[in-house]
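Numbering-wise (this note's numbering), the sequence shown opens with residue 1 and increments by one. All C-beta atoms in this analysis are idealised placements derived from N, C-alpha and C, irrespective of residue type, glycine included. Note that this is a predicted model, so its numbers are computed, not measured.
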Amino acid sequence: MLAAAPDNLSFSPASGPVGTSVVVTGTNLTGTTAVTFNGTPASGFVVNSATQLTVTVPTGAGTGPVAVTTPGGTVASATAFSVTRPLTTWTGTISSDWFTAGNWTGGVPSAAADALIAGGSPAYPTIASGTASVFNLTIATGATLNQTAGTLNLSGNLNNQGTFAPTGGTVATVGDASQTLGGSSPLAMYNLTVGTAGAVLGMATSVQRQLTLTGNLTSTGQTLTLRSSVSAGVAIDALVVNSGGGVVGPVTVQRAIDPSLNSGLGYRHFSTPVSGPTVASLATPGFTPVVNAAYNAAAAPGTVQPFPTVYGYDDSRLSLTNSMSSFDKGFYSPDALSSALTVGRGYTVNIAASEVVNFQGQLNNGDFVMPLTSTRATYPDGGWQLLGNPYPAPLNYALVSGGDRGNLENAIYVYSSTSQYAGQYRSYINNVGNPVLPSGQAFFMRVAAGQASGSLVLRTTAETRPLVQLTLQGASSPLLDEATVYFEQGATADFDGAYDAEKLPNPTGLNLSTTQAGHQFSINGQAVLDANSRVIPLAIGVPTAGNYTLTADQLLNLNATFVYLRDLQLGTLTNLRQQTAYSFTVTNAATLNTSRFELVFSSQQVLATAPAALAQQVAVYPNPAKTQVTIELPLGMSRQPVTAALVDALGRVVRQQVLPASLSSHAFALPTVLPGVYLLRLTTEAGTVVKKLVIE
């Protein structure tokens, strides 16, 4: 006779996480051979009787019916067992370190666990490096989550009832289904990466540095703001990197103003990075745009009242007869505040540097084709076009191909205000000058001589490579020089014409470059960043002794990478993502200094000097030495390559050698080194160690 199938199945408890012990009751359970949770087999179960068995919820189980198999058949429960995730709650009883297990009731969260940061803790968590993973994360009222670096991977939702305002690092949505970023308190992200499954905003959200979209981010009526701010006199804008995704819904793109040349009122050249805004949208709490159509037909436009503060540019106006110069005739006032700001066109606005303009609308993306007309064939001074970067990200004009500049001269001209009604232009052509146009930046181009029309095609070529651009400038001079380092597959530390530009000395005597492999670079292409630190020396030449400043004008696509400027003469280390400008003094301007400054790129925070306990473990012998010394390093300094430099009393590097990783003992030869007292400087992953060395 056949055995009867299981029947009347029920279970207790009705829900629980993986690992929960569940009692299943029913009939005909003798001889049970398998138990599954929504199809996932349980490896451990015990048949207590014909009417009861005990089973553990297996790893990988999902919410669904519990099924029991006996020789009589397989039967599933009529109700579903709800598989929940374990919850771990922050206590902060030990420290503020997210990764310390004792700070949590259930250990450090994982991608399979929910986490709650409760209010009233003695210390609140900080993510300062590495990757923190969690499924659903709740920040309770009164609680705070700090993030200075590293990555927070969310597999579920973020519910912010407290405070989350990171100063570094990345939040990444990595779940298999669309995720919600919400709560009752606004979210201020530093970098935000949206995974392929997408995300939905449930609360007002801002991004300070980079929004990377591999899936869609849907605003659902919430405000999404790409922030812009001024740090150490430099305007820094958030940027968008479209990697297969986009933003569904309107966005507010801010544009702060660089006050370095003029901190007051002045003409600033803007372009909209979104579609749909009007002239009225240029208004800020301290600025109300003024337009006056009477300006456009007046014989003496400068006397019109009210005097406009917003202008477009139209080359066809050179045919007018009025009191303006040929070039200035092209400026016109929009007819009304309701007039649209045309995507790809530029506008000049007389506004103070303290204001931040908000462009609101759908983000521009894709290619833009701008047909242009010109009067240059009739008017020799004609052909000028005020155009603009249409993207919510920097536009590298150097990547615009010749075929996309139909009948146009190659140069671009970017205006900088120096007073309320005066300014200066910087230009770029053929890899000379600065080709990068920030988001919201307008610029002039010119239709070629003899041409009645032209066209400019801008494509989605926003810079996605990690890139740092430094500027050197004296305290009392407008002169400046630039050097750029970027990272790309195929580039190396040696000179390569496909990736690098050599440094050509400026006759002014002000020169900035990077140095490697016996070359000086104005643009230095490097291999892709990895877990190892990268040190790139700088070469600085100045015309006179005095005060100078190195400024990080651009810090693009660096994600969790730390970027430091090391002053080897003073022993200082400046985090350029926190402080973009570094001032210093030069007392000897006679020679090019190649041994004072270096850029340091690291996946971990770097110390200016090594901890004393580690430094004491560094051995250099014999000392005094003649032809060679042995350098012994402790484990904490030998996991990555170490740069050993011998510096003489004048601060010159007379001998340099890279000591390979994973070795504790290294030979450092001293060929042709003159007798004297030197400093042996060791640049390690733990910081810099300096040892005095006497050579006989």
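Taking 8 Å as the cut-off, the Cβ atoms of Phe368 and Leu458 count as close. Separation of Thr79 and Phe135 (C-alpha to C-alpha, rounded to the nearest whole angstrom) is 26 Å.
In the DSSP assignment, Pro308 falls outside any beta strand (DSSP E), carrying neither H nor E. Contact between the segment 523-543 and the segment 598-607 is present: 3 or more CB-CB pairs across the two stretches fall below 8 Å. Classified as buried, Leu29 has 16 or more neighbouring CB atoms from the shown chains inside 10 Å of its CB.
Taking the CA atoms as reference points, Thr32 sits about 9 Å from Phe45. For the set Trp98, Ala123, Gly102, Pro186, the Cα lying nearest the Cα of Gln147 is the one of Trp98. Residue pairing by DSSP places Glu685 opposite no residue, since no beta bridge is assigned to it.
Under a 10 Å Cβ-count criterion, Tyr564 is classified as buried, with 16 or more other Cβ atoms of the shown protein chains found around its own Cβ. In this structure Thr180 is not in contact with Thr223, their Cβ atoms being roughly 16 Å apart against a cut-off of 8 Å.
Unbroken beta strand (DSSP E) runs of no fewer than 3 residues, entirely contained in the segment 433-499, are found at 442-446, 453-458, 467-474, 480-487, following chain order.
Ile94 sits exposed, since fewer than 16 C-beta atoms from the chains shown fall within 10 Å of its C-beta.
Secondary structure of Ala398 (DSSP, three-state): helix. Note that the C-beta distance between Leu682 and Val629 is not below 8 Å. Tyr190 is not bridged by DSSP to any residue. Nearest to Ile257 by C-alpha distance, out of Val357, Thr167, Leu318, is Val357. With a threshold of 16 other beta carbon atoms within 10 Å, Asp553 meets it and is buried. In this chain, the beta strand (DSSP E) harbouring Ala199 covers 199-201. A residue is called buried once 16 or more other Cβ atoms fall within 10 Å of its Cβ, and Asn547, having fewer, is exposed. A distance of 8 Å or more separates the beta carbons of Ala411 and Tyr425. DSSP, reduced to helix, strand and coil, places Ala280 within a helical segment of the structure shown.
When rounded, the separation of the alpha-carbon atoms in Ser77 and Ser49 is 18 Å.
Taken in chain order, the whole beta strand (DSSP E) runs of length 3 or more contained in the segment 127-175 are 131-134, 137-139, 144-147, 151-154, 158-160, 170-173. Taking 8 Å as the upper bound for CB-CB distance, Gly525 and Ala491 are in contact here, some 4 Å apart. With contacts defined as CB atoms closer than 8 Å, Val310 and Pro285 fail to qualify as a contacting pair. Secondary structure at Asn296: helix, using DSSP grouped into helix, strand and coil. In this structure, the alpha-carbon of Ala61 lies about 59 Å from that of Pro371. As DSSP reads the structure, Phe359 sits in a beta bridge with Val253. In this structure, DSSP gives Lys329 a helical state, which the three-state scheme calls helix.
Spatial neighbours of Thr594 in its own chain (CB-CB distance under 7 Å, excluding positions within 5 residues in sequence) are listed in chain order as Thr515, Pro537, Ala539. For Tyr428, the enclosing beta strand (DSSP E) stretches over residues 423-428. Within the same chain, and ignoring the five residues on either side of Thr464 in sequence, the residues whose Cβ sits closer than 7 Å to its Cβ are Val241, Asn557. Here Thr100 is actually not in contact with Leu116; their C-beta atoms are around 16 Å apart, not less than 8 Å. Contact between Asn389 and Ser271 holds, since their C-beta atoms are separated by about 6 Å, short of 8 Å. For a cut-off of 8 Å, the C-beta gap from Val55 to Ala42 is around 5 Å, short enough to register as a contact.
Secondary structure within the segment 564-599: the beta strand (DSSP E) runs of 3 or more consecutive residues, fully enclosed, are 572-575, 581-586 (chain order).
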